[in-house]
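All remarks here apply to the structure that follows.
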Amino acid sequence: MAAPTRSEALSLLRSLLRTARHFCDYNIREYTKRRALDGFRHNRNLSDPPSISSAYADGKAQLEVAKRQSAVYSLYAPKVKSIMEAHRTN
Amino acid sequence: MALRAAVLRHLRVPVQFFALARRECQPPLCSGGSLRLFSSHDDHLTKDEVIERVLSVIRCHPKVDPSKVSPDVHFQKDLGLDSLDTVEIVMALEEEFKLEIPDKEADKIDSCDLAIEYVYNHPMAS
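Residue numbers (the numbering used here), protein chains in the order written: chain U, 235 to 324; chain W, -17 to 108.
Rendered as structure tokens:
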């Protein structure tokens, strides 16, 4: 597999952040955002194509996991909002 | 039979009366009144409001020095951000203005004035 371009990588990050928004639980939502950004920062200096490709494939797999889990967790949404988002609800 | 006719006569009068009365009370919907249904442009954001909110989103980013933020800064040249921070800021703008910015457009937004321009010209920004 050819190494992904810069815009493909950024687009993967965007998809991860968009999926993160869908989690009902504040903690999981913020964790997913943080984890996506930390993962991209951790790998920002990768230069050889095979490791870039494998990091990209890993991110794609994580995106699928996040999408599936946001759907599953939406069935078990917390009844009470986190204190951290209390100011946003009104 | 006589009873039925009497009842019908009594029923019909008020119904006609209501129908007429209702037609007179309704405001004309499409004839130049101030009420414009399905129009999203009446509550469009003003330029100043857009600038203020865009700047406050950028100031809230942890890596940005709030004193350096002005309407014409470039994210990477002036604020020292990288492309990942730029993605983060554009996503924060999406949330602030309740937009969905497609990847192609989001790639182009790399400075404050481009962001302001994009949000201001977006019909759904709120």
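Yeah, the Cβ is synthetic: ideal placement off N, Cα and C, and Gly gets one too. In this text the structure is predicted, and so the values were computed from the model without any measurement.
Beta carbon proximity, residue i to chain W, threshold 9 Å
i	result
ARG269 (chain U)	no
PHE274 (chain U)	yes
ARG278 (chain U)	yes
LEU297 (chain U)	no
ARG263 (chain U)	no
ARG255 (chain U)	yes
ARG302 (chain U)	no
7 Å Cβ shell around residue i - same chain, five flanking residues per side excluded
i	result
ALA107 (chain W)	LEU27, PHE79, LEU81 and VAL101
LEU251 (chain U)	LYS267 and ALA270
Below-9 Å beta-carbon distance, residue i vs any chain U residue
i	result
MET106 (chain W)	no
VAL69 (chain W)	yes
SER52 (chain W)	no
SER65 (chain W)	yes
Residue environment, residue i, which counts as buried when at least 16 other CB atoms sit within 10 Å
i	result
VAL32 (chain W)	buried
GLY293 (chain U)	buried
LEU309 (chain U)	exposed
TYR265 (chain U)	exposed
CYS109 (chain W)	One cannot answer for residue 109 (chain W) here, as it falls past the ends of chain W, which runs -17 to 108.
Terminal residues of the alpha helix (DSSP H) in which residue i lies
i	result
LYS90 (chain W)	85 to 90
ILE262 (chain U)	260 to 276
ILE317 (chain U)	Per DSSP, ILE317 (chain U) belongs to no alpha helix (DSSP H) and is neither H nor E.
ASN103 (chain W)	94 to 103
ALA300 (chain U)	283 to 308
LYS29 (chain W)	29 to 41
Same chain, Cβ closer than 8 Å to residue i, neighbours up to 5 away in sequence not counted
i	result
CYS7 (chain W)	Residue placement at CYS7 (chain W) is poorly supported in this model, since its pLDDT is 48, which falls under 50; the coordinates still yield a value, given next. Counting only Cβ-Cβ distances below 8 Å, and skipping sequence neighbours, we find nothing.
SER52 (chain W)	LEU37 and CYS94
heavy atom of the ligand ADP below 8 Å from residue i C-beta
i	result
SER287 (chain U)	Summarising the ligand content, the structure contains no ligands, and the ligand ADP is consequently not present.
Residues of the stretch 76 to 105 of chain W with Cβ closer than 8 Å to any Cβ of chain U, in chain order: Taking 8 Å as the cut-off between beta carbons, the residues of the stretch 76 to 105 of chain W near chain U are GLU77, ASP85, ALA88 and ASP89, in sequence order.
Residues from the stretch 235 to 250 of chain U in contact with chain W, defined by Cβ distance under 7 Å: From the stretch 235 to 250 of chain U, only SER241, LEU244, SER245, LEU247 and ARG248 have a Cβ closer than 7 Å to chain W.
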